[in-house]
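At position 122 of the sequence shown the residue is numbered 122 (UniProt numbering), and the sequence of numbers has no breaks.
See structure below.
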Amino acid sequence: MHPASHSDSVAHIYSHHHGWLVGLLRQKLGNADNANDLAQDTFTRLLTIRSEELIREPRAYLTTVASRLTAQYFRRLALERAYLDALAGMPEDTVPSPEARMLVVEALTAISRVLDGLSPRVREIFLLAQLDGLTYAEIAAQYDMSVNAVQKSMIRAFQHCYAAVYAA
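Here it is, written out as structure tokens:
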């Protein structure tokens, strides 16, 4: 598709579907400002893609993109809340600056997105080993599986994380 025609298509879709998308997002988010922000992010994403599906089924495509952005938004809110709760228990002089907090929340969000690409069992095994410090034998006993199966799960998790960071 020629760049000008793609931009024209996005502009056409924007003019015909923006209000509908904002309404849909407002229902999900309960907030007009956040709905407008996510709608804008959705259309910004459309400018970077080249897809005939966008033209054939614009509302289906917009719904898919907006749903993914909404899930990311809620994931970020949950992580931010959990992080702020953890900070609330820290002595005041050790609490990081607002800028540092923002960087940590962004990093946690990125890590969460990567880990969401793992199967639930592999993710749990990976987190038990990496965060809780359990040995492969302890994890194997907890899940009633062999140490070899735990090793294979860890290999899958490391390969997935490597691909997410270095192959992207």
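Idealized CB from N, CA, C, for every residue including glycine.
Treat the numbers as computed from the prediction; the structure is a model and nothing was measured.
By a beta-carbon distance limit of 8 Å, Phe126 does not contact Leu134. Their separation comes to about 11 Å. Shown here for Asn36: same chain residues with a beta carbon closer than 7 Å to its own, the five before and five after excluded, namely Val22 in chain order. Rounded to the nearest angstrom, the gap between the Cα atoms of Ser146 and Glu80 is 36 Å.
When the Cα atoms are used, Arg56 and Ile13 turn out to be separated by approximately 11 Å.
Assigned with DSSP and collapsed to three states, Ala167 falls in coil, not helix or strand.
If you check the CB distance, Arg123 and Leu115 come in under 9 Å. With a cutoff of 9 Å on beta-carbon distance, Ser112 and Arg75 are scored as near each other. The continuous alpha helix (DSSP H) containing Val65 extends over residues Pro58 to Ala88. Taking all protein chains shown into account, Ile49 has fewer than 16 neighbouring C-beta atoms within 10 Å of its C-beta and is therefore exposed. Rounded to the nearest angstrom, the gap between the Cα atoms of Met102 and Leu131 is 22 Å. Separation of the CB atoms of Leu62 and His17 is rounded to 6 Å, and the pair is thereby assigned contact status at 8 Å.
Within the same chain, and ignoring the five residues on either side of Leu38 in sequence, the residues whose Cβ sits closer than 8 Å to its Cβ are Leu25, Leu29, Ala66, Leu69, Thr70 and Tyr73.
In the structure shown, the three-state DSSP call for Pro98 is helix. DSSP places Asp144 outside any alpha helix (DSSP H), giving it a letter other than H or E. In the three-state DSSP reduction, Thr44 falls in the helix class (H, G or I).
Relative to Ala82, the option among Tyr166, Gln142, Val104 and Arg156 whose CA is nearest is Val104.
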